[in-house]
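Reading through the structure tokens given below for one structure.
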Amino acid sequence: MDFSSTLLGTIPFKSLETILDSIPSGVAITDTKGRFLYINSRGIELFGFNTLGFNLEEEFTKIKALKRDGSPFPEREMPIFNSVRSGEPVRNVEVMIKRADGKRLHILVSSAPLYDANSIIIATIVIFNDITKQIQTEMELKESEDRYRTVVETTVNAIVVHLNGRFLFANPAALRLFGAETSQDLENRKIWDFIVPSLRKSIEDRISESTEGKRILPNQEEIIRLDGRRVPVEAVGGPIRYAGKNAILVIFRDITRQVGLAEKLTEYTSRLEQLVEARTRQIIENEKQYHEIYDSFGEALIATDWEFNVIHWNKAAERVTTLKAADALGKKLYTVLPEMTTIDVTPYFEALQQKKPARFMMNVVSHETKKLSIFEISTYPSSKGIIIIIEDKTEEEQNKRLSAIGATAGMVGHDIRNPLQAIEGDLYLLKEYLVSMPKSQTKIEVTESIDEINKNVSYINKIVADLQDYARQLNPEYSAVNFCSLAQDLIDHTDIPSNIEVSLKVDADFTLKTDPTLVRRAVTNLIINAVQAMPTGGKLQIEAQKTDSEAQITISDNGTGIPDEVKPKLFTPMTTTKAKGQGLGLAVVKRIIEALKGSISFESELGEGTEFIIRLPLD
Numbered sequence: 207m208d209f210s211s212t213l214l215g216t217i218p219f220k221s222l223e224t225i226l227d228s229i230p231s232g233v234a235i236t237d238t239k240g241r242f243l244y245i246n247s248r249g250i251e252l253f254g255f256n257t258l259g260f261n262l263e264e265e266f267t268k269i270k271a272l273k274r275d276g277s278p279f280p281e282r283e284m285p286i287f288n289s290v291r292s293g294e295p296v297r298n299v300e301v302m303i304k305r306a307d308g309k310r311l312h313i314l315v316s317s318a319p320l321y322d323a324n325s326i327i328i329a330t331i332v333i334f335n336d337i338t339k340q341i342q343t344e345m346e347l348k349e350s351e352d353r354y355r356t357v358v359e360t361t362v363n364a365i366v367v368h369l370n371g372r373f374l375f376a377n378p379a380a381l382r383l384f385g386a387e388t389s390q391d392l393e394n395r396k397i398w399d400f401i402v403p404s405l406r407k408s409i410e411d412r413i414s415e416s417t418e419g420k421r422i423l424p425n426q427e428e429i430i431r432l433d434g435r436r437v438p439v440e441a442v443g444g445p446i447r448y449a450g451k452n453a454i455l456v457i458f459r460d461i462t463r464q465v466g467l468a469e470k471l472t473e474y475t476s477r478l479e480q481l482v483e484a485r486t487r488q489i490i491e492n493e494k495q496y497h498e499i500y501d502s503f504g505e506a507l508i509a510t511d512w513e514f515n516v517i518h519w520n521k522a523a524e525r526v527t528t529l530k531a532a533d534a535l536g537k538k539l540y541t542v543l544p545e546m547t548t549i550d551v552t553p554y555f556e557a558l559q560q561k562k563p564a565r566f567m568m569n570v571v572s573h574e575t576k577k578l579s580i581f582e583i584s585t586y587p588s589s590k591g592i593i594i595i596i597e598d599k600t601e602e603e604q605n606k607r608l609s610a611i612g613a614t615a616g617m618v619g620h621d622i623r624n625p626l627q628a629i630e631g632d633l634y635l636l637k638e639y640l641v642s643m644p645k646s647q648t649k650i651e652v653t654e655s656i657d658e659i660n661k662n663v664s665y666i667n668k669i670v671a672d673l674q675d676y677a678r679q680l681n682p683e684y685s686a687v688n689f690c691s692l693a694q695d696l697i698d699h700t701d702i703p704s705n706i707e708v709s710l711k712v713d714a715d716f717t718l719k720t721d722p723t724l725v726r727r728a729v730t731n732l733i734i735n736a737v738q739a740m741p742t743g744g745k746l747q748i749e750a751q752k753t754d755s756e757a758q759i760t761i762s763d764n765g766t767g768i769p770d771e772v773k774p775k776l777f778t779p780m781t782t783t784k785a786k787g788q789g790l791g792l793a794v795v796k797r798i799i800e801a802l803k804g805s806i807s808f809e810s811e812l813g814e815g816t817e818f819i820i821r822l823p824l825d
């Protein structure tokens, strides 16, 4: 049988062969007995066939089909034979192949029967897609998920997930906190069963606020264990996607020790006041010793009068706030820590006036390093004023955020990547089909719609890539990179509006030793960031130069600039000034550059533009 004429009718086989060779997937045609009659150039490359003295049937005898676990893939289950038996297409069957050179690849195999004019199956068409990198990424993500699962299972903080009060998850620390031996002890109970009745209404209100997107600060509460014992806890929570449902994540921290310390501190404060009242003269004479006691405290301790005038600032407070006591004493507390003016302290002040302690979280920018820190402020009333203890919670809060990002990266990588690849493949085939259509308004509109879908798919891909780059371990692979060629390629393949002028000032032979993939990701993010900062047009400039020890790459724009309040936390995950975006792009850039043993900084003026400077070592 003349296969090409029978199969194609009036379409020249050479024309079809040209089309098939342009497709990024491997394409093959077999007879009904599974013998290969044709394979395109991508298929030859994929299977590692020797193109010299090429014998298709002989080459395929060298290929072994395996399951993911390495066991042989049953011939009867092959998509080719399933299509012949059922007369229906078979899609996306994962097969691991072992090539003649020993290399193993994971591929997705799809097949469909081909009929002659009498509706008799005469062949099958088979499509191969290499998913080796995707499988490797899934394995890396699984390792990442395992690491974060270990953190959740071993942390001393109780972590629970509930839906409408019903427990969906409780880690070992939560079981211990609630006095449960196993998770089955919680199955028929609601989280409200463990909350003191007088606090349930306020907690329900806090949960409602969190589901509305409002930030919920840690709050001191009290739970009732299964054995009836009450335990003071600090709780913080928020919405989370769990097992395909919108649920609530709550983290409890047992603060029994802190409450005990607070009670002791109150007792000490009371005793101290008695001593002050009884022996004022002696206290004045021993003022130096009094200050030494405060300075010996390991925790940052600040004392103010009821007008918030700072009257003591110990050495630990100097260390935590990076502010000298001499610059704080005698001044208003909200002048020394201006961030307090951004917080509604009314409820905390009212609690102090009622002789009750209070606690709240506050973001503070260091006076020396200009870095953002997260402080837990605990306030205790005395007859003379307020005693304040500050704890630096920056690392703890960052770990919570990283844990959430890691879990999200695992979910996104698994649940979004696969359908995205299918969408991209279908769009490609649809666009190829449109090429053969006569020119019409409908064709123009459909083509525009496909382009718009492609843009949005690319945007989703970027989000997934940012999440994965932030969650996975980075292991740079160094090689010589011509940065001029790399930058020009990025400019050519990035969607830059025509109203933005692009200037590339890099020597043609500018070469550095680095990881090309990681540098490409970092510079791409900065270019996209610059384009988004110029919605009405402007100028994008990329420059590179070398010193004796480092390469300096500069990406600048004359766009909207960065607000001063955002600058300290610009490289922090989930920080963004744009309505559209997850705030991961610049955090990923910083992580990549630091993985390459480099550094990144920026200069920006609101309304004038921004300049990012990357410095990479030459050795």
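Position in the sequence shown counted from 1, then plus 206, gives you this note's numbering. Even for Gly, the Cβ is constructed at its ideal location relative to N, Cα and C.
I think residue i touches residue j, with their Cβ atoms under 8 Å apart; what is that distance to the nearest whole Å?
{"i": "residue 287", "j": "residue 263", "result": "17 Å between Cβ atoms; not a contact."}
{"i": "residue 729", "j": "residue 761", "result": "7 Å"}
{"i": "residue 774", "j": "residue 803", "result": "With a Cβ gap of about 24 Å, residue 774 and residue 803 do not count as contacting."}
{"i": "residue 431", "j": "residue 437", "result": "6 Å"}
{"i": "residue 717", "j": "residue 686", "result": "6 Å"}
{"i": "residue 709", "j": "residue 747", "result": "4 Å"}
{"i": "residue 660", "j": "residue 633", "result": "6 Å"}
{"i": "residue 538", "j": "residue 514", "result": "5 Å"}
{"i": "residue 584", "j": "residue 565", "result": "5 Å"}
{"i": "residue 719", "j": "residue 684", "result": "5 Å"}
Is it true that the CB of residue j sits closer than 8 Å to the CB of residue i?
{"i": "residue 386", "j": "residue 365", "result": "no"}
{"i": "residue 371", "j": "residue 309", "result": "no"}
{"i": "residue 331", "j": "residue 318", "result": "yes"}
{"i": "residue 454", "j": "residue 429", "result": "no"}
{"i": "residue 586", "j": "residue 596", "result": "no"}
{"i": "residue 333", "j": "residue 303", "result": "no"}
{"i": "residue 534", "j": "residue 516", "result": "yes"}
{"i": "residue 751", "j": "residue 819", "result": "no"}
{"i": "residue 383", "j": "residue 433", "result": "no"}
{"i": "residue 457", "j": "residue 363", "result": "yes"}
{"i": "residue 289", "j": "residue 296", "result": "yes"}
{"i": "residue 767", "j": "residue 744", "result": "no"}
{"i": "residue 635", "j": "residue 649", "result": "no"}
{"i": "residue 754", "j": "residue 740", "result": "no"}
{"i": "residue 198", "j": "residue 567", "result": "The chain is shown from 207 up to 825; residue 198 falls before or after that span and cannot be answered."}
{"i": "residue 507", "j": "residue 523", "result": "yes"}
{"i": "residue 446", "j": "residue 357", "result": "no"}
{"i": "residue 626", "j": "residue 656", "result": "no"}
Counting C-beta neighbours from all protein chains within 10 Å, is the total for residue i 16 or more, i.e. buried, or is it exposed?
{"i": "residue 216", "result": "Residue placement at residue 216 is poorly supported in this model, since its pLDDT is 48, which falls under 50; the coordinates still yield a value, given next. Residue 216 should be labelled exposed."}
{"i": "residue 519", "result": "buried"}
{"i": "residue 348", "result": "exposed"}
{"i": "residue 321", "result": "exposed"}
{"i": "residue 816", "result": "buried"}
{"i": "residue 807", "result": "exposed"}
{"i": "residue 335", "result": "buried"}
{"i": "residue 731", "result": "buried"}
{"i": "residue 212", "result": "Note on residue 212: pLDDT 47, under 50, position unreliable in the model; the coordinate value appears next. Classification of residue 212: exposed, given that the 10 Å Cβ count is below 16."}
{"i": "residue 401", "result": "buried"}
{"i": "residue 360", "result": "exposed"}
{"i": "residue 265", "result": "buried"}
{"i": "residue 326", "result": "exposed"}
{"i": "residue 282", "result": "exposed"}
{"i": "residue 479", "result": "exposed"}
{"i": "residue 354", "result": "buried"}
{"i": "residue 394", "result": "exposed"}
Looking at the strands, I want to know which residues DSSP matches up with residue i.
{"i": "residue 432", "result": "The partner list for residue 432 (beta bridge, DSSP) is empty, contrary to what the question assumes."}
{"i": "residue 514", "result": "For residue 514, which the question treats as bridged, DSSP gives no partner whatsoever."}
{"i": "residue 822", "result": "757"}
{"i": "residue 321", "result": "327"}
{"i": "residue 296", "result": "317"}
{"i": "residue 530", "result": "Per DSSP, none; premise fails for residue 530."}
{"i": "residue 740", "result": "DSSP lists no partner for residue 740."}
{"i": "residue 425", "result": "441"}
{"i": "residue 304", "result": "270 and 310"}
Beta-carbon of residue i versus every beta-carbon of chain D: anything under 8 Å?
{"i": "residue 467", "result": "No chain D is part of this structure, which consists of one protein chain only."}
Exercise. Three or more beta-carbon pairs under 8 Å between the stretch 556–566 and the stretch 536–543, yes or no?
Worked result: no
For this session: Determine, using beta-carbon pairs with one atom in the stretch 734–742 and one in the stretch 712–720, whether at least three such pairs fall under 8 Å.
Result: no
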